[in-house]
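Written out below as structure tokens is the structure these notes cover.
There are 2 protein chains.
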Amino acid sequence: MTVLDRLSLNQATVKRLGVPGAVDLCARHGIAAIGLWREPVAELGVKEAAAVVRAAGLRVSSLCRGGFFTHADPAARTAAIADNKAAIAEAAELGTGALVLVSGGLVPGSRDIGLARRMIADAIAELVPVAQAHGVRLGIEALHPMFAADRCVITRLGEALDLAAGFPGDAVGVVADTYHIWWDAALASDIARARGRIVSYQVCDWTLPLPADPLLGRGHVGDGYIDFPPISAAVAAAGYAGDIEVEIFNETVWGAPPDETAATVTKRFPLAF
Amino acid sequence: MTVLDRLSLNQATVKRLGVPGAVDLCARHGIAAIGLWREPVAELGVKEAAAVVRAAGLRVSSLCRGGFFTHADPAARTAAIADNKAAIAEAAELGTGALVLVSGGLVPGSRDIGLARRMIADAIAELVPVAQAHGVRLGIEALHPMFAADRCVITRLGEALDLAAGFPGDAVGVVADTYHIWWDAALASDIARARGRIVSYQVCDWTLPLPADPLLGRGHVGDGYIDFPPISAAVAAAGYAGDIEVEIFNETVWGAPPDETAATVTKRFPLAF
Numbered sequence: 513m514t515v516l517d518r519l520s521l522n523q524a525t526v527k528r529l530g531v532p533g534a535v536d537l538c539a540r541h542g543i544a545a546i547g548l549w550r551e552p553v554a555e556l557g558v559k560e561a562a563a564v565v566r567a568a569g570l571r572v573s574s575l576c577r578g579g580f581f582t583h584a585d586p587a588a589r590t591a592a593i594a595d596n597k598a599a600i601a602e603a604a605e606l607g608t609g610a611l612v613l614v615s616g617g618l619v620p621g622s623r624d625i626g627l628a629r630r631m632i633a634d635a636i637a638e639l640v641p642v643a644q645a646h647g648v649r650l651g652i653e654a655l656h657p658m659f660a661a662d663r664c665v666i667t668r669l670g671e672a673l674d675l676a677a678g679f680p681g682d683a684v685g686v687v688a689d690t691y692h693i694w695w696d697a698a699l700a701s702d703i704a705r706a707r708g709r710i711v712s713y714q715v716c717d718w719t720l721p722l723p724a725d726p727l728l729g730r731g732h733v734g735d736g737y738i739d740f741p742p743i744s745a746a747v748a749a750a751g752y753a754g755d756i757e758v759e760i761f762n763e764t765v766w767g768a769p770p771d772e773t774a775a776t777v778t779k780r781f782p783l784a785f
Numbered sequence: 513m514t515v516l517d518r519l520s521l522n523q524a525t526v527k528r529l530g531v532p533g534a535v536d537l538c539a540r541h542g543i544a545a546i547g548l549w550r551e552p553v554a555e556l557g558v559k560e561a562a563a564v565v566r567a568a569g570l571r572v573s574s575l576c577r578g579g580f581f582t583h584a585d586p587a588a589r590t591a592a593i594a595d596n597k598a599a600i601a602e603a604a605e606l607g608t609g610a611l612v613l614v615s616g617g618l619v620p621g622s623r624d625i626g627l628a629r630r631m632i633a634d635a636i637a638e639l640v641p642v643a644q645a646h647g648v649r650l651g652i653e654a655l656h657p658m659f660a661a662d663r664c665v666i667t668r669l670g671e672a673l674d675l676a677a678g679f680p681g682d683a684v685g686v687v688a689d690t691y692h693i694w695w696d697a698a699l700a701s702d703i704a705r706a707r708g709r710i711v712s713y714q715v716c717d718w719t720l721p722l723p724a725d726p727l728l729g730r731g732h733v734g735d736g737y738i739d740f741p742p743i744s745a746a747v748a749a750a751g752y753a754g755d756i757e758v759e760i761f762n763e764t765v766w767g768a769p770p771d772e773t774a775a776t777v778t779k780r781f782p783l784a785f
């Protein structure tokens, strides 16, 4: 087994392909796993998407995404919980044990970051039994602090881990995405204490300058500033042996021919080890 | 004494004024302290700048900035040390006990963030006796993680503090700038353990969207997402009783009439407490 056997293409990297196109691309390039997103899955229908993936013999490394738990309006909060329960069921139907959570930014109209964090913890608590019933783990993803106000107040792997630690390990863990966490001086020690809690490991590079939309500043492995091998080694040392996703949000990558993107992903992936 | 007695205008907020113009602005608006930058000070001459500030009866809350210690080229490193020694002497001549350090990003040609951090620690060690001889404290500023690659690998107040703790407290401390550190779940506990080490406290707001140049995305207190009062209370509880700078890098603010900026700064400042 080589590292390439663990490569998973997160379909956001080839955003303009639907599920069948992305699945076909993986099959053509010998990529054995795929990370799916709910929107394209819904376009095809969950059952049909599951069938397409199964027919191609691919593993589904994760489903993106649940979360967005921080609402001032109780009805919106109730809707978010319901939507996350649906996402858990979809993950199970798609055959993945990992649902990635982007937990949400500040509560609209409030600057109280502690309130947002408590709201996230409360929501996860409500989802735990549903996750357990479906055999799906919720992966709390720490997002880069530049997204704290509007997307995710959970900003460090260590913080995600502290939050996860309050719940059973078969229901809640963390997602480690190099783009979001590479800068953290506590990263090595936080990964070490994440043993048993790593639900997903995602790699892409930090490039500069940041684009006008900072969500889209990710690069192929090797195009930027991240020193991947020590991070990958720490993740392995912490016992994570699952699929490793390449997830790149980048207008240029999205505009490239998907086969070129898949070839670059495959070629660069070993540089992360 | 009210909080307004502790307001200091960092001159970067009115970047297009020189030292005399910024000093005059402070005097007109009843602002008792100013944070100076080396470039405009050098334009006027250090001795003359010190005289202008003294004549106006202003306190100098800090000098910005030393740092940029991370160089692959030994000659560049030697030059950086010499430049920082000069900055310490300038701070003393200007009558401030605080030199703000922006420590530097990754070493050119290297992705080893640990190497950059060790280089910073080594440089600070070399500067400690010079700082002590001049009665100036080096304030290690944690910059927002989005600047880790290119400007400062020290990304959290806690990390700055861990670094400072290796040196005598009369020589090395930390700078707490709300813009850079507001998102950190460990902020309250890190501020509490910063007792005796806070060299400067700076306030400005996190606004969205990020501008094309992410260095310039800061807003007036109240224009963005930061919950200032708990942070200011924690800084006060940690024993910091010095001047509090408003430092805003923002093209719109720079384009506004300086008197309007000073009026807004003065009006908004109490909202931070």
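Going line by line, the protein sequences match chains A and B. Its first residue numbered 513, the first sequence is counted upward by one per residue in our numbering. Its first residue numbered 513, the second sequence is counted upward by one per residue in our numbering. The C-beta atom is built at its ideal place from N, Cα and C for all residues, glycine as well. These figures come from a predicted structure and were not determined experimentally.
Within the stretch 706-753 of chain B, the complete beta strand (DSSP E) segments of 3 residues or longer fall at 710-715, listed in chain order. For the stretch 737-762 of chain B, the beta-carbon criterion of a distance under 8 Å to any beta-carbon of chain A is satisfied by TYR737, ILE738, ASP739. Counting only runs of 3 or more residues that sit fully inside the stretch 604-674 of chain B, the beta strand (DSSP E) segments are 610-614, 649-653, in chain order.
For ARG663(B), the number of other beta carbons within 10 angstroms of its own is at least 16, and it is reported as buried. The beta carbon of HIS692(A) sits closer than 6 Å to those of ALA654, LEU655, HIS656, all from its chain and outside the five residues before and after it, given in chain order. The Cβ atoms of ALA568(A) and SER712(A) lie no closer than 8 Å to each other.
Three or more beta-carbon pairs separated by less than 8 Å are not found between the stretch 767-774 of chain A and the stretch 539-557 of chain B, which leaves the two stretches without contact. Taking one beta carbon from each stretch, the stretch 667-674 of chain B and the stretch 699-706 of chain B have 3 or more pairs nearer than 8 Å; the two touch. Contact of GLU671(A) with chain B is assigned, a C-beta pair being separated by under 8 Å. For the stretch 615-627 of chain A, the set of residues with a beta-carbon nearer than 9 Å to any beta-carbon of chain B comprises GLY617, LEU618, SER622, ARG623, ASP624, ILE625, GLY626, in chain order. The Cβ atoms of LEU548(B) and LEU575(B) sit closer than 8 Å to each other. Boundaries of the alpha helix (DSSP H) around TRP766(A): 763-767. Think of a sphere of 8 Å around the beta carbon of LEU722(B): the chain A residues whose beta carbon falls inside it are MET658, LEU722, PRO726, in chain order.
With fewer than 16 other Cβ atoms inside 10 Å of its own Cβ, PRO641(B) counts as exposed.
Among the CB atoms of chain B, none fall inside 8 Å of the CB of ARG518(A). Listed in chain order, the non-local C-beta contacts of PHE679(B) below 6 Å within the same chain comprise VAL640, local neighbours out to five positions each way being set aside. Annotation: ALA677(B) to ALA554(A) spans about 53 Å, alpha carbon to alpha carbon. Within its own chain, the residues whose Cβ lies closer than 6 Å to the Cβ of ALA584(B), once the five positions on either side in sequence are excluded, are VAL619, PRO620, GLY621, listed in chain order. Residue range 550-556 is occupied by the alpha helix (DSSP H) that includes GLU551(B). Rounded to whole angstroms, ARG630(A) and VAL565(B) show a C-alpha spacing of 48 Å. When Cβ pairs closer than 8 Å are counted between the two stretches, the stretch 729-742 of chain B is seen not to touch the stretch 753-762 of chain A, the count staying below three.
If you check the CB distance, LEU673(B) and VAL687(B) do not come in under 8 Å.
Going by beta carbons, GLY708(B) and GLY731(B) fall outside the 8 Å limit.
Counting only the Cα atoms, ILE593(B) lies some 16 Å from GLY617(B).
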